[in-house]
Amino acid sequence: MTSLPLSVFFLSCCLLLGFVRSQDSSCPLDFSVLQKFIPFANVPSDNAGRCTFSVMALHLVQAEYLRTAGLFLPPAASAAACWSSLNSALSPRLPSSFSLPSSCGFQPSWISEGCMNITSRAAFEAVVTASGIRDMAQNCNQSLLPVPACTACTASLNTVKATYLTGPSYGNVTDCIAYTFIYTAGVVNRFGPTDDGTAFCIFLLNYESSSSGGGSTAWIFGVAAGCLVVVLLAVLATWWLWRRRRERLRRRRRKSMRPESRPSLAMESIGASTTLIKFTFDDIKEATKNFSRDNIIGRGGYGNVYKGFLPDGSEVALKRFKNCSAAGDASFAHEVEVIASVRHVNLVALRGYCTATTPLEGHQRIIVCDLMRNGSLHDHLFGSGGARLSWPVRQRIAVGTARGLAYLHYGAQPAIIHRDIKANNILLDETFEAKVADFGLAKFAPEGMSHVSTMVAGTLGHVAPEYALYGQLTEKSDVFSFGVVLLELLSGRKAFVSLGEGKTFLLTDWAWSLVRKGKTLDVIEEGMEELGAKEVLEKYVLVAVLSTHPQLHARPSMDQIVKILETDLDVPSIPDRPLSITASREDIERSASSSGSGQLSSFAGYQMFAPANDDANSDGSDAV
């Protein structure tokens, strides 16, 4: 009589346990909050960039989870379901071959494991004291759309992390620095994680900026669009007539030239709007005496630079890239033509280029530019021998470099981001006028000692954190590199130096620590001749430190830098930044291994580069 009820009871228990288990295995995170951002997100094309984008999207979802459930992390039993849900939410913007977490080298359990085993809001607030939370609220409980507000907020979050969250993290999915950002978006900021400004500032997710317009103003946009079309058509017509007239004049000049003075077939002009010449490979070999070793004036990861003479007797520098293929020649030719059309007193003039394939040498890419008599800034700062640069000369070089970069950013059409500003790429003419070289060509250099990766071009110690970590390339990336070069120019020290025993020296951290202690002038190299006024020297140091701020929103633009250096304008106040540190090589390698990148490390909220070897870029001779 009782056996049937007992069997029913046990069957019910089993069904109930199964139901509970199935409920636990489902993901509690609400990935629908990403729908408004996914269509407009700037997703990198490389795998590492996609992984970073995926993690940032996950952090926004976790902030919403913290806001609604008071928890940072989903249960361990739901890890597989959460990865699957995240993959599905991001699938419209990711290739079908990309699959989380395997494509990023993440452990499935990492999505449920975080910094110092903190899983809830209460646990976080038990670690971060009231003063730390009050500091975050003071700087972040506002709209984060304005750049100053975003800068102040992110600087505060990095400081809180460096002060309180110093324990271990799991992988690089939800590390300690992410906790302050997730907490701020989910708890501190009154607008919440899905607010446009919060999503962009905290998680770098774009939004549709025009989505807030109302129907009553639609006609205004329609009229404006119509006017814009008319203006564009007028501009295009004017440009077409101008180019046609320019072409006719060019043909007339060519006809009027004597036969012996006309360009040979070996040197063909490739653009009516530029004087860029396409050289044959025989022209290049003749100019360099068949690439004689005696003519080498520079070496690096990309190849060698040779001194040469053109048939008209002019002296030029010829940069020969190595490990090239014909596949990218069309893009290369277009890029050098654009670069050749950019003219400024503080930019190196590009004469021409060569692409060719020979049975013995293989495929060749070579650019030809004016030779600078005084070499590079690196030669004078770190080369052996030679007189030390005086302050007036250094000041002239700093202003000239800033002018050249400002022209690339705001005077060139389209704007050009250099991507590899360093002392080697600042050349000096007979009067020590600075000439920025290699602008726009960093993307064509193969992977070598001077490059962090094949996707992120730049020199160790000079690359902006947001570019190296997220592939976020803007004019502010060049500003960071300029600031590093300015610090080298002022201090006579290299940006990145191995100190032995696994220790490294970062110039940006060193300069920041001196400024923070009120010892700004200690950055200036001892023994510099003809020193200027103390307030001027201090201004240059502060500009350099502000330009190398880890948060891109805190950096000035290049045109602002030119105005500050050339006028009596004061340097804007420098926002606080994460504490500086010197990490051991073992720490760097351990962090790089856990992140799966093998190149970057994150300590105290501030990203630094981990070199492939201690001698990477130590001679600084990887460019002219």
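Residue numbers for the sequence shown, in mature numbering (1 follows the signal peptide of the UniProt record, and there is no 0): -22 to -1, 1 to 602.
Cβ atoms here follow ideal geometry from the backbone N, Cα and C, with glycine treated the same way.
What you are looking at is a predicted structure, and each value in this text was computed from that prediction instead of being measured.
| field | Per DSSP, the bridge partner or partners of Thr335 | value | His341
| query | What is the residue span of the beta strand (DSSP E) that Val294 lies within? | reply | 293 to 299
| field | Span separating the alpha-carbon of Pro22 from that of Phe31 | value | 8 Å
| task | Return the residue from the list Gly449, Glu507, Ala412 that minimises the CA-CA distance to Phe460. | result | Ala412
| Beta-carbon proximity list for Asp307, same chain, < 8 Å, skipping 5 on both sides | Thr333, Arg343
| field | Ser80 classed as buried or exposed, judged by whether at least 16 other C-beta atoms fall within 10 angstroms | value | exposed
| message | Contact defined as beta carbons within less than 8 Å: I believe Thr152 pairs with Cys93. What is the distance between those atoms, to the nearest angstrom? | response | 7 Å
| message | Any contact between the region 352 to 367 and the region 285 to 295? By contact I mean 3 or more CB pairs, one from each, below 8 Å. | response | no
| said: Just to confirm my understanding: we take Ser4, look at its own chain, exclude 5 residues before and 5 after, and list those with CB closer than 8 Å. What are they? | reply: Ser56, Ala59
| request: List the endpoints of the continuous alpha helix (DSSP H) containing Leu359. | output: 355 to 360
| query | In angstroms, rounded to a whole number, what distance separates the CA positions of Asn403 and Trp490? | reply | 24 Å
| task | Look at the Cβ atom of Ser525, then the Cβ atom of Glu503, and state whether they are nearer than 8 Å. | result | no
| Taking the beta strand (DSSP E) that Ile255 falls in, what are its first and last residues? | 255 to 257
| request: Return the CA-CA distance between Phe458 and Lys263, expressed in angstroms with no decimal places. | output: 38 Å
| Excluding sequence positions up to five away, which residues of its chain have a Cβ less than 6 Å from the Cβ of Leu51? | Ser90, Gly92, Thr97
| request: Would you check if there are 3 or more beta carbon pairs closer than 8 Å linking the region 31 to 40 to the region 152 to 168? | output: yes
| What three-state label does DSSP hand Leu499 in the structure shown? | helix
| said: Do Arg555 and Pro534 count as a contact pair if the criterion is CB distance below 8 Å? | reply: no
| So, helix, strand or coil for Ser476, using DSSP? | strand
| query | When the distance is taken between beta carbons, is Met34 closer than 8 Å to Leu135? | reply | no
| field | Given Ala47 as reference, the closest of Asp8, Glu453, Gly145, Met114 once Cα atoms are compared | value | Asp8
| What do you reckon, are the CB atoms on Asp407 and Arg351 nearer than 8 Å? | yes
| said: Measuring alpha carbon to alpha carbon, tell me which residue in Leu530, Phe417, Gly496 is nearest Ala446. | reply: Leu530
| said: Nearest by alpha-carbon distance to Arg366: which of Ala393, Leu467, Ile394 is it? | reply: Leu467
| said: Can you tell me where the alpha helix (DSSP H) holding Ala318 begins and where it ends? | reply: 307 to 318
| request: Provide the residue(s) that pair with Cys302 in DSSP beta bridges, ordered along the chain. | output: Cys302 is not bridged to any residue.
| Hey, quick one: how far does the beta strand (DSSP E) through Val283 stretch, first residue to last? | 281 to 287
| request: May I ask you to report which of helix, strand or coil DSSP gives Arg494? | output: helix
| Which one of Lys472, Arg381, Thr137 has the shortest CA to CA distance from Cys154? | Thr137
| DSSP three-state call for Cys29: helix, strand or coil? | helix
| field | Inter-residue spacing [alpha-carbon to alpha-carbon] between Phe181 and Ile274 | value | 47 Å
| query | How should Ala26 be labelled, buried or exposed, when 16 other C-beta atoms within 10 angstroms of its C-beta is the threshold for buried? | reply | buried
| said: Spatial neighbours of Tyr388 within its chain, please: C-beta separation below 7 Å, excluding the five flanking residues on both sides. | reply: Asp537
| task | Let me know the secondary structure DSSP gives Thr172 once reduced to three states. | result | coil
| the region 376 to 388 touching the region 542 to 550, judged by at least three CB pairs closer than 8 Å | yes
| Sub-8 Å separation of Leu485 and Val462 beta-carbons | yes
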